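Below is one structure, written out as structure tokens, with a few remarks after it.
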Amino acid sequence: MASLAARSLGRLAADRSFFFLCDMQESFQPTIKYFPEIAAVAQRLVSAAKVLEIPLIATEQYPKGLGHTVPEIDVSTAKVFPKTLFSMVIPAVEEELKKEANRKSVVLFGIETQVCIQQTTLDLLDRGFDVHVVADACSSRSQVDRMFALERMRSAGAFITTSESVIFELMGDSKHPKFKDLQKLVVTSAPDSGLLTKL
Numbered sequence: 051m052a053s054l055a056a057r058s059l060g061r062l063a064a065d066r067s068f069f070f071l072c073d074m075q076e077s078f079q080p081t082i083k084y085f086p087e088i089a090a091v092a093q094r095l096v097s098a099a100k101v102l103e104i105p106l107i108a109t110e111q112y113p114k115g116l117g118h119t120v121p122e123i124d125v126s127t128a129k130v131f132p133k134t135l136f137s138m139v140i141p142a143v144e145e146e147l148k149k150e151a152n153r154k155s156v157v158l159f160g161i162e163t164q165v166c167i168q169q170t171t172l173d174l175l176d177r178g179f180d181v182h183v184v185a186d187a188c189s190s191r192s193q194v195d196r197m198f199a200l201e202r203m204r205s206a207g208a209f210i211t212t213s214e215s216v217i218f219e220l221m222g223d224s225k226h227p228k229f230k231d232l233q234k235l236v237v238t239s240a241p242d243s244g245l246l247t248k249l
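Sequential numbering from 51 applies to the sequence shown in my numbering.
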């Protein structure tokens, strides 16, 4: 009963979560709005995953033509998979999910919000995962697409959140043994990426 209540509230725990980084590649830099800001927040989350020892899965959309993950994001500890499907939920990723079946939450970030992020979210929800879409670490070429995709994912059952909220929830307590390492990641607020225009 307690586990069902936790699922419905979207509680995050390090030992029950995956981090998914979607398609933050070189060729997208010129066209994605706020790309540098999104990359900075993505790196904040990647660093948190490393500190908390949370599995990080990254994908690259057709890397032969679109390049690899930008160097501003350190994917050295990630399992990186190429794909042509828009969703990250490709067979190789599904195998990774099955290896740690106790993990039922996914923290999802990257691009584009209305395409790969949205389709990944729907596929994961369909498979029974809680999905936490990090709004300040997702973007699109069009901010209209970005905002309506966030709304659709929320309506479908995803949790729309922020990088700082995710990090503090995973910490849970200022007595956490990695508190100082994680505090360094949030001492400076995440850069503005146009989300306040929705207000």
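Don't be surprised by glycine CBs; every beta carbon is placed ideally from N, CA and C. The structure presented is a predicted model; accordingly, all values stated were derived computationally and were not measured.
Cross-strand partners of residue i (DSSP beta bridge)
i    : result
G160 : C72 and C188
P132 : E110
D180 : S155
Residue i vs residue j beta-carbon contact at 8 Å
i    : j    : result
A185 : T211 : yes
L235 : A108 : no
M26  : V143 : There is simply no residue 26 to check, as the chain begins at 51 and stops at 249 in what is shown.
A208 : L175 : yes
F68  : I123 : no
L116 : S77  : yes
L62  : H226 : no
T127 : L106 : yes
D180 : V139 : no
Three-state secondary structure (DSSP) of residue i
i    : result
I210 : strand
T2   : In the structure as shown, the chain starts at 51 and stops at 249, and residue 2 therefore has no counterpart that could be examined.
S137 : coil
S67  : strand
D173 : helix
E87  : helix
K149 : helix
I104 : coil
S239 : coil
S58  : helix
S224 : coil
F229 : helix
D195 : helix
V165 : helix
Q79  : coil
S126 : coil
Local Cβ density within 10 Å of residue i, reported as buried at 16 or more and exposed below that
i    : result
E162 : buried
T134 : exposed
A151 : exposed
S262 : Since the first and last residues shown for the chain are 51 and 249, residue 262 lies out of range.
R196 : buried
E201 : exposed
G178 : exposed
G160 : buried
S213 : buried
E33  : This structure cannot settle anything about residue 33, because the visible part of the chain is limited to 51 through 249.
Expected contact under 8 Å - CB spacing of residue i and residue j to nearest Å
i    : j    : result
S192 : Q169 : Between Q169 and S192 the Cβ distance is about 17 Å, and since that is not below 8 Å, they are no contact.
L102 : V157 : Between V157 and L102 the Cβ distance is about 11 Å, and since that is not below 8 Å, they are no contact.
Y84  : S215 : In fact, because the Cβ distance is near 19 Å, the residues do not count as touching under 8 Å.
A64  : L220 : 5 Å
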